[in-house]
Amino acid sequence: MLNIVLVNPEIPFNTGNIGRSCVATGTRLHLVGKLGFKIASKEIRRSGLDYWPHLDYRRYDTWEAFLEAEKPTEDNMFFLSTKGKTAYWDASFPPDAFLIFGAESCGLPKDFYERYRHRLFTIPMPGPVRSLNLSSSAAIVLFEAIRQNHFK
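Going by UniProt numbering, the sequence shown opens with residue 1, and the numbers climb by one from there.
What follows is the structure, given as structure tokens:
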């Protein structure tokens, strides 16, 4: 099963939309750290529509709690950031990949950039923007991982 991990997500509409994509694709959503909203908020329900009850999601207070519970390996963790040097399409996503995204306003926790520097990937953007919307970024990378796994 593919996994999307949101570390300190801030905007409920993004998380709701990502949750909806997860339901559509059979992907598990992991919410890690401080949330900028309540899970039961109307914004989550609105953006996730009536699909939210079907979402397979897990909640972790800390990154360490996530690592302990899920036990991802270095080979199946992919950190997405504008600071990455390798394009996401150059990654080989296994069927149990964890696609990890940071907060909308500040990205991944600062220590992740050094700690996971060999696992940082980016969505190349030749245009004059700093970044794409989080839910758009998650969908782009998720569907590449699904494509690589032949939609299994």
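Just so you know, even glycine gets a beta-carbon here, dropped at the ideal spot from N, CA and C.
Pairing F101 with L2 gives a Cβ-Cβ distance that is not under 7 Å. Inter-residue distance for K85 and M125 is about 12 Å (C-alpha atoms, whole angstroms). Note that the C-beta distance between N8 and K34 is below 7 Å. One thing to note: F79 has its Cβ no nearer than 7 Å to the Cβ of L134. A check of alpha carbon separations from F112 across I39, W63, H54 identifies W63 as the nearest. Between I4 and L99, the beta carbon gap of about 5 Å places them in contact (Cβ cut-off 8 Å).
For I100, the three-state secondary structure derived from DSSP is strand.
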